[in-house]
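Since the structure comes first, as structure tokens, the remarks are kept for the end.
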Amino acid sequence: MKEVEVIKIGEKEYYIMKEVMDNDTSYVFLSGVEDPEDVMIRKSNPSDKDLYIPLENEEEYHLATLLLFKHSN
Numbered sequence: 000m001k002e003v004e005v006i007k008i009g010e011k012e013y014y015i016m017k018e019v020m021d022n023d024t025s026y027v028f029l030s031g032v033e034d035p036e037d038v039m040i041r042k043s044n045p046s047d048k049d050l051y052i053p054l055e056n057e058e059e060y061h062l063a064t065l066l067l068f069k070h071s072n
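One point on numbering: in numbering that gives the first Met the number 0, the residue at position 16 of the sequence shown is 15, and numbering is uninterrupted.
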């Protein structure tokens with residue numbers, strides 16, 4: 000079995016399913032521990048790489064999903 004990292008956002012825990020780097024930004028693709036259908040994408044904070052923050056807009060969402068599919072092969 001593969002080991003996965005878990006982070007807490009609010010009161011919920013999420014598995015980090017995939018992490019993709021673009022320039023100096025790390026995008027993480029998350030799935031809820033209790034509810035696998037609870038998914039989200041976050042990015043590293045420029046001033047604190049251990050803190051993950053929401054994406055800024057729809058354009059950044061498209062970039063993150065493109066990176067995910069590009070690195071899935």
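All C-beta atoms in this analysis are idealised placements derived from N, C-alpha and C, irrespective of residue type, glycine included.
- Under the DSSP definition of a beta bridge, Pro53 partners with Arg41.
- Boundaries of the beta strand (DSSP E) harbouring Val5: Val5 to Ile8, taken from the DSSP string.
- In this structure Val27 is buried. Its beta-carbon is surrounded by 16 or more other beta-carbon atoms within 10 angstroms.
- Contact between Val38 and Ser25 fails: their C-beta atoms lie close to 17 angstroms from each other, not under 8 angstroms.
- Partner residues in the beta bridge of Val19, as assigned by DSSP, are Tyr26.
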